[in-house]
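**Q**
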Amino acid sequence: MSPPDTAQTLTFARVRQLALIGAGCTIILFGLLLAPLPGPGGLPVMLLGGILVLRNSADARRLFIRGKRRYPRMFSPVERIRQKLRARRLRKMNRG
Numbered sequence: 001m002s003p004p005d006t007a008q009t010l011t012f013a014r015v016r017q018l019a020l021i022g023a024g025c026t027i028i029l030f031g032l033l034l035a036p037l038p039g040p041g042g043l044p045v046m047l048l049g050g051i052l053v054l055r056n057s058a059d060a061r062r063l064f065i066r067g068k069r070r071y072p073r074m075f076s077p078v079e080r081i082r083q084k085l086r087a088r089r090l091r092k093m094n095r096g
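Following the UniProt record's numbering, the numbering of the sequence shown begins with 1 at its first residue and continues without gaps.
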């Protein structure tokens, strides 16, 4: 019996990545269910799920970048928030 092919074995990191992508998709669906309720509950929940998916999926990042290039006005609020968070993170790194 030969050892398993490394391309077919799942490492802990890959299982973790797949679990986080699944959790992100679940959170997005939960946000869609919350969206019709009064208040802004659905949008922040969906954004949290989107962040999880974008951090762990190269395909999702590629689609997000393509969407940003094609529809810049639609993605400008997300880009502003992302730039603010990045600037805050860089300031924090430069202090310590």
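Ideal placement from N, C-alpha and C gives every residue a C-beta, glycine not left out.
1) Between which two residues does the alpha helix (DSSP H) containing residue 17 stretch?
2) Tell me where the alpha helix (DSSP H) around residue 83 begins and ends.
3) If you check the beta carbons only, do residue 97 and residue 31 fall under 9 Å apart?
4) Taking the C-alpha atoms as reference points, what is the distance between residue 33 and residue 23?
5) Enumerate in chain order the residues of its own chain whose CB-to-CB distance from residue 25 is below 6 Å, with the five nearest sequence positions on each side excluded.
6) Does any residue of chain C bring its CB to less than 9 Å from the CB of residue 61?
7) For residue 65, does the count of other Cβ atoms within 10 angstroms reach 16, so buried, or fall short, so exposed?
8) Would you call the CB atoms of residue 48 and residue 81 closer than 9 Å?
**A** In short:
1) 12-34
2) 72-95
3) Past the boundaries of the shown model lies residue 97; the chain is included only from 1 to 96, so the question cannot be answered.
4) 15 Å
5) For residue 25, where only same-chain residues beyond five positions count, there are no Cβ hits under 6 Å.
6) Chain labels in this structure do not include chain C; a single protein chain is all it has.
7) exposed
8) no
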